[in-house]
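Asker:
There are 4 protein chains.
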Amino acid sequence: ARSVLDIKGIYPPITTPFTKHQEVDYNQLEENLQRYSSIPFRGIVVQGSTGEYAYLTKEERLEVVRRARKVVPKDKLLIAGSGCESTQATIQMTEEMSLSGADAVLVVTPSYYRGRMTSHALIHHYTKVADSSPVPVILYSVPGNTGLDLPIDAIVTLSQHPNIIGIKDSGGDVTRIGLTIHKTKQHGFQVLCGSAGFLLAGYSVGTVGGVCALGNVLGTQLCALEKMCLNAQWEDAKQLQHRLIEPNAAVTQKFGVPGVKQAMEWFGYHGGLCRSPLPPLTDPEVKELRRDFIANGWLLPESK
Amino acid sequence: ARSVLDIKGIYPPITTPFTKHQEVDYNQLEENLQRYSSIPFRGIVVQGSTGEYAYLTKEERLEVVRRARKVVPKDKLLIAGSGCESTQATIQMTEEMSLSGADAVLVVTPSYYRGRMTSHALIHHYTKVADSSPVPVILYSVPGNTGLDLPIDAIVTLSQHPNIIGIKDSGGDVTRIGLTIHKTKQHGFQVLCGSAGFLLAGYSVGTVGGVCALGNVLGTQLCALEKMCLNAQWEDAKQLQHRLIEPNAAVTQKFGVPGVKQAMEWFGYHGGLCRSPLPPLTDPEVKELRRDFIANGWLLPESK
Amino acid sequence: ARSVLDIKGIYPPITTPFTKHQEVDYNQLEENLQRYSSIPFRGIVVQGSTGEYAYLTKEERLEVVRRARKVVPKDKLLIAGSGCESTQATIQMTEEMSLSGADAVLVVTPSYYRGRMTSHALIHHYTKVADSSPVPVILYSVPGNTGLDLPIDAIVTLSQHPNIIGIKDSGGDVTRIGLTIHKTKQHGFQVLCGSAGFLLAGYSVGTVGGVCALGNVLGTQLCALEKMCLNAQWEDAKQLQHRLIEPNAAVTQKFGVPGVKQAMEWFGYHGGLCRSPLPPLTDPEVKELRRDFIANGWLLPESK
Amino acid sequence: ARSVLDIKGIYPPITTPFTKHQEVDYNQLEENLQRYSSIPFRGIVVQGSTGEYAYLTKEERLEVVRRARKVVPKDKLLIAGSGCESTQATIQMTEEMSLSGADAVLVVTPSYYRGRMTSHALIHHYTKVADSSPVPVILYSVPGNTGLDLPIDAIVTLSQHPNIIGIKDSGGDVTRIGLTIHKTKQHGFQVLCGSAGFLLAGYSVGTVGGVCALGNVLGTQLCALEKMCLNAQWEDAKQLQHRLIEPNAAVTQKFGVPGVKQAMEWFGYHGGLCRSPLPPLTDPEVKELRRDFIANGWLLPESK
């Protein structure tokens with residue numbers, strides 16, 4: 122019987138801090154990771170969409186993995202986003218990230234030619250990557266960024282590959298997630314929620330955890346929600362989930378990575394600016410972001 | 122203290138049977154309703170989208186309500202879809218349906234001029250309708266048909282109206298549903314799932330029931346799922362929910378009302394054809410529909 | 122050889138004026154039509170989307186046709202929008218509008234069940250309507266309102282029906298329009314632009330006219346543009362077309378029917394309010410609308 | 122007075138041939154370019170979307186520019202796509218492509234974080250790139266690939282930058298194109314059509330040329346169409362334009378780059394396969410592609 126890496130749990134897809142000259146600030150990166158080590162995360166994801174991977178050079182992408190590996194303890198998983206547009210670049214990046222210390226890779230759907238990214242094309246792409254990858258592969262569907270939903274029939278086919286162990290689904294369609302689980306369960310395929318907004322709903326239909334941008338800010342609370350779900354404390358879970366939806370929306374659809382980084386500052390992490398062209402939040406946006414945390418009890422109202 | 126009509130539970134949005142000359146077949150309608158009376162539904166919805174209300178004349182819409190009222194016992198709710206494009210037509214239809222026996226009305230978002238259907242416009246529309254309605258009003262957001270999602274801020278405002286008691290949300294975005302519940306809970310606002318595909322996930326975040334096209338076919342099973350959710354049998358609920366997603370998708374997005382009606386025939390109800398221009402299923406579509414029920418154990422495989 | 126009604130030219134899809142009690146104001150309707158009689162339009166369209174047909178009762182729709190027929194001279198065409206969601210309602214409305222004086226009917230795509238409105242379904246619908254219609258039928262594709270583009274293969278098939286003489290295409294995709302003309306030219310099929318924003322581009326690929334909301338306001342100018350196109354004064358046409366795009370966008374996508382009606386007031390027509398739920402423009406919207414006319418030289422700047 | 126590079130004319134955005142081991146085949150690239158030299162193109166575009174730039178390494182992108190420069194005569198323009206997701210990578214690529222021989226660069230909108238790519242962000246991005254670029258910059262909006270339309274207000278602002286001389290607009294919305302020209306004309310801004318489907322319509326509203334994937338296959342015909350437009354032979358232009366729509370759609374939306382490459386083979390160029398994950402056409406797709414050329418008289422029907 123095949124033994125599959127267990128990826129159950131909560132992960133922050135960490136941000137990439139930059140210096141004022143827009144260079145990667147590896148020291149701040151390590152300090153953030155050290156602070157996260159006290160939270161019962163299952164592991165760390167580097168270079169999900171929240172990590173601005175699209176703005177990093179190949180060398181930076183690998184160096185981030187190496188630095189993270191130095192800090193992330195061995196009993197936590199280090200999952201690295203290795204997706205590129207071409208299959209051969211993805212294969213190469215996967216191999217090098219594995220050599221740099223990643224325990225598994227997260228491979229986003231290639232999407233520039235989305236009109237031709239049929240199930241057939243995507244199955245071929247992921248199969249080639251998984252065939253050659255030294256570490257397990259996790260699929261990654263994030264239609265908000267890619268404009269492309271990995272089709273369920275492709276997921277079902279790919280779930281049978283021995284080196285493809287799960288998917289991060291950021292689309293938020295819990296009906297689709299339920300069906301994915303239903304159709305892949307005999308292969309021990311593991312589904313992770315790609316956002317904290319539907320974490321409880323995800324657990325109700327069988328997801329095993331989440332890779333959530335909000336974990337960069339409210340990681341302890343997401344781990345608490347996970348525990349409630351696992352312990353069947355559904356009423357508590359519901360109350361907590363409700364209070365997380367607006368902050369989560371604020372750091373994803375509404376304000377994106379600049380929102381995550383701004384909120385991190387308030388909670389004692391290194392946030393800072395994004396690389397250009399991702400602009401910093403405007404003052405009204407910062408206020409609205411803050412309101413979304415205050416209104417749900419995660420920050421105190423400003424005294425006047 | 123205001124006493125609000127309790128709408129918790131499962132409802133089939135019944136189909137409208139037609140004779141071979143495309144006239145409403147009220148006898149078949151009554152016979153279907155009699156058969157549904159043995160299922161523990163909370164009530165019956167007439168003239169949701171599944172009822173082809175868009176294809177009925179005003180007189181037919183009212184007569185369907187009258188006939189249903191004759192058959193639906195007093196301890197079950199009769200909810201009638203009274204939405205029209207204009208506010209004044211909706212007001213009038215609401216009043217007449219109420220006089221015809223409806224316990225509450227379900228009011229779809231007007232949508233032909235969707236580019237101008239701002240929160241402001243929709244709040245005004247629903248407030249006028251609710252002000253004059255003799256019975257409680259339930260909002261109805263069904264973006265798959267209308268291309269319009271009732272905005273959450275409009276829902277929050279409308280939830281404070283004493284005669285607006287809930288919403289049927291057919292969009293399937295459980296994050297949005299959770300936030301709706303979070304932001305309206307102090308007003309006792311009741312949220313119903315508009316599709317069986319996310320019924321369990323809906324319960325996990327606080328919905329109180331569902332108006333589900335699949336209820337026309339597998340009503341007993343939907344009521345069983347409701348009971349599991351209310352009794353916190355989450356593992357059983359998950360297994361059952363998984364088996365309902367494909368049949369539900371088949372009778373909604375994939376094959377629509379013609380799919381519901383075809384499946385009803387297999388389960389002993391009067392289905393029949395839709396009014397033109399809704400075409401009957403093709404033979405390959407019928408086969409695929411059947412496969413979706415067979416694959417999930419709801420019909421036996423054909424013997425060869 | 123079949124003789125086909127020639128529909129070449131420009132038409133305003135007229136608005137429906139209402140009294141302060143939201144009743145149709147037939148007198149104002151007639152006065153607007155009288156004013157339009159001095160503009161070299163080919164005819165008048167009643168109950169396009171601009172006519173708020175979706176908000177009128179059946180009786181009002183017919184009465185509008187009758188009143189228009191009284192005022193519109195015989196040498197101008199009266200085209201009436203007769204589309205309803207069901208085939209049988211459309212057939213009946215078509216017949217009654219014909220009896221009420223319409224020279225041709227404009228039939229919008231049924232769209233509430235748009236997921237099932239396949240080419241097959243739409244061909245069947247239009248064929249039935251055209252078979253029974255006493256007057257020629259013009260197809261009407263307006264995806265901005267219906268969320269549905271009439272597929273080109275359906276148009277090609279329908280163009281062969283002897284009683285279907287053309288299409289009003291409001292989608293604005295001039296590539297699609299060019300292909301439609303290319304594939305239907307042997308049947309003498311006539312394509313009208315459904316918006317003034319691409320009138321010149323339409324003529325360049327072979328359209329024969331336009332049914333343009335902006336014609337309610339700047340009808341003389343649209344007829345001038347038509348003449349330039351027919352006389353191959355392409356440079357003049359380009360200059361004029363450029364100045365019409367912003368005002369046109371303002372009275373279509375941006376501000377819709379309330380925008381048309383507001384602008385009509387400035388040009389000496391009866392505009393007034395729309396029926397609820399279409400809200401009046403806010404003050405900032407009125408200012409922006411006015412700016413779009415001023416900036417292109419159609420209104421004088423306000424003196425301070 | 123500022124003297125602006127004149128980019129009027131037709132350009133093929135050339136494909137990148139690969140060897141059977143998926144390495145760039147520079148010899149085939151040069152041979153294709155030599156064949157194109159007999160067509161009255163204004164110049165050549167390398168690494169538009171048709172060039173699979175998203176699948177090339179940085180080194181390959183530069184080498185393609187160098188090789189093209191060797192072959193493209195000095196009197197023809199060599200325009201190179203230098204867009205990357207981050208501003209700093211785009212600046213660097215622009216500089217290096219300029220050093221490698223590009224006469225101008227074409228800069229696609231960054232799009233991975235499209236939810237945050239506001240006008241403000243895009244204006245900042247392009248301004249930084251144009252400030253530092255040694256050669257003129259051409260904007261590139263291709264929503265089919267990026268899911269993002271460069272907003273008109275951003276274009277108007279950017280048109281005032283002395284080093285931004287035009288845009289390639291592949292969206293196909295000729296109303297938008299007309300408005301762009303209207304609002305930028307005082308700055309001598311030059312608009313190129315990004316597809317052959319609306320080339321004539323584009324000329325009618327003031328575009329000055331086109332960068333058209335179909336130019337790889339039917340370059341002579343596109344140049345003939347250009348000449349007809351410049352000579353005001355509108356009737357001939359219309360006939361020719363009509364015959365180009367279907368072949369153009371086949372090598373863009375329908376079959377994409379694999380379609381261009383397949384059709385190139387039939388017309389004597391090196392086409393070949395795309396890099397993975399772009400799959401080759403299936404046999405039925407090849408047949409349909411061929412039909413689209415045959416039906417419009419560009420290839421002879423197969424003899425039986």
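Protein chains in written order, with my numbering: chain A, 122 to 425; chain B, 122 to 425; chain C, 122 to 425; chain D, 122 to 425. Glycine is no exception: its CB is placed at the ideal position from the N, C-alpha and C atoms.
1) According to DSSP, what are the bridge partners of Q311 of chain A?
2) Please list the partners that V166 of chain A has in chain D, where partner means a Cβ-to-Cβ separation under 8 Å.
3) Would you list, in chain order, the members of the segment 222-254 of chain A that have their beta-carbon closer than 8 Å to a beta-carbon of chain E?
4) Taking the alpha carbon of Y132 of chain C as the reference point, which residue from C:M218, C:S316, C:G293, C:P272 has its own alpha carbon closest?
5) At least one CB of chain B closer than 8 Å to the CB of I302 of chain A: is that the case?
6) Taking only the alpha-carbon atoms, compute the straight-line gap between M349 of chain C and Q362 of chain C and give it to the nearest angstrom.
7) Can you tell me whether DSSP reads G331 of chain A as helix, strand or coil?
8) Looking at C-alpha atoms only, which residue of D:L343, D:V277, D:F310 is the closest neighbour of I366 of chain D?
9) Assign A122 of chain D to one of three DSSP states: helix, strand, or coil.
10) Return the CA-CA distance between A122 of chain A and L399 of chain D, expressed in angstroms with no decimal places.
11) Between the Cα of W387 of chain B and those of B:T239, B:K408, B:L300, spot the shortest distance and give me the residue it belongs to.
12) How would you list, in chain order, the residues of chain B whose beta-carbon sits under 9 Å from the beta-carbon of G377 of chain A?
13) Between the segment 193-203 of chain D and the segment 231-247 of chain D, do at least 3 Cβ pairs fall closer than 8 Å?
14) State the Cα-Cα distance for the pair T328 of chain C and L346 of chain C, rounded to the nearest angstrom.
15) From V193 of chain B to Q155 of chain B, what does the alpha carbon distance come to, in whole angstroms?
16) Out of curiosity, what's the CA-to-CA distance linking D413 of chain B and L271 of chain A?
17) Answer yes or no: does any C-beta atom of chain D fall closer than 8 Å to that of Q209 of chain A?
18) If you compare alpha carbons, which of D:P257, D:Y174, D:Y157 is closest to G336 of chain D?
19) My parser needs the beta strand (DSSP E) runs of 3 or more residues fully inside the segment 145-198 of chain A; what are they?
20) Whole beta strand (DSSP E) runs in the segment 237-279 of chain B with 3 or more residues, listed along the chain?
21) If you draw a straight line from the alpha carbon of R364 of chain A to that of H303 of chain B, how long is it in whole angstroms?
22) Please list the partners that Q374 of chain C has in chain B, where partner means a Cβ-to-Cβ separation under 7 Å.
23) I need the boundaries of the beta strand (DSSP E) containing G292 of chain A, first residue and last residue.
24) Could you work out which residues of chain C lie near A175 of chain B, taking near to mean beta carbons separated by less than 7 Å?
25) If you scan the segment 339-394 of chain D from start to end, which runs of the beta strand (DSSP E) of 3 or more residues do you find wholly inside it?
26) Check whether the Cβ of N266 of chain A lies closer than 8 Å to any Cβ atom in chain D.
27) Check whether the Cβ atoms of V186 of chain B and A225 of chain B lie closer than 8 Å to each other.
28) Can you say whether E356 of chain B is buried or exposed, counting buried as having 16 or more other CB atoms within 10 angstroms of its CB?
29) Hey, is Q342 of chain A's beta-carbon within less than 8 Å of any beta-carbon in chain B?
30) Under three-state DSSP, which class holds P134 of chain B?
31) Report all residues from its chain with a CB closer than 7 Å to the CB of L106 of chain C; omit the five preceding and five following residues, and keep chain order.
32) With a Cβ-Cβ cutoff of 8 Å, do V250 of chain B and I212 of chain B count as a contact?
33) By the three-class DSSP mapping on this structure, what secondary structure does I212 of chain B have?
34) Residues of chain B with CB closer than 8 Å to the CB of W355 of chain A, please, in chain order.
35) Does the beta-carbon of E206 of chain A have 16 or more other beta-carbons within 10 angstroms, so that it is buried, or is it exposed?
36) Any idea what DSSP makes of A201 of chain D, helix, strand or coil?
Answerer: Short version:
1) A:G287
2) In chain order: nothing, as chain D lies at least about 17 Å away.
3) This model lacks chain E altogether; the protein chains it does include are A, B, C and D.
4) Nearest option by C-alpha distance: C:S316.
5) For I302 of chain A, at least one C-beta of chain B is nearer than 8 Å to its own C-beta.
6) 10 Å
7) strand
8) D:L343
9) Confidence at A122 of chain D is low in this model, with a pLDDT of 41, below 50, so the placement of that residue should be treated as unreliable; the coordinate-derived value is given next. In the structure shown, A122 of chain D sits in coil (DSSP, three-state: anything other than H, G, I, E or B).
10) Confidence is the limiting factor: at A122 of chain A the pLDDT is only 41, short of 50, which leaves the residue's position unreliable, though a coordinate-based value still follows. Distance between the alpha carbons of A122 of chain A and L399 of chain D is about 35 Å.
11) B:K408
12) Going along chain B, no residue has its Cβ under 9 Å from G377 of chain A, so there is no contact; the nearest lies around 16 Å.
13) no
14) 13 Å
15) V193 of chain B and Q155 of chain B: Cα-Cα distance of roughly 8 Å.
16) Their backbone Cα atoms lie some 21 Å apart in a straight line.
17) yes
18) D:Y157
19) 164-167
20) 258-262
21) 8 Å
22) G236
23) Counting along the chain, G292 of chain A falls outside any beta strand (DSSP E), and DSSP gives it neither H nor E.
24) At a beta-carbon threshold of 7 Å, the residues of chain C lying near A175 of chain B are E206, Y233, ordered along the chain.
25) none
26) yes
27) no
28) exposed
29) no
30) strand
31) With chain C covering only 122 through 425, there is no way to say anything about residue 106 of chain C.
32) yes
33) For I212 of chain B, the three-state secondary structure derived from DSSP is helix.
34) S325, A353, W355
35) buried
36) Here A201 of chain D sits in strand by DSSP.
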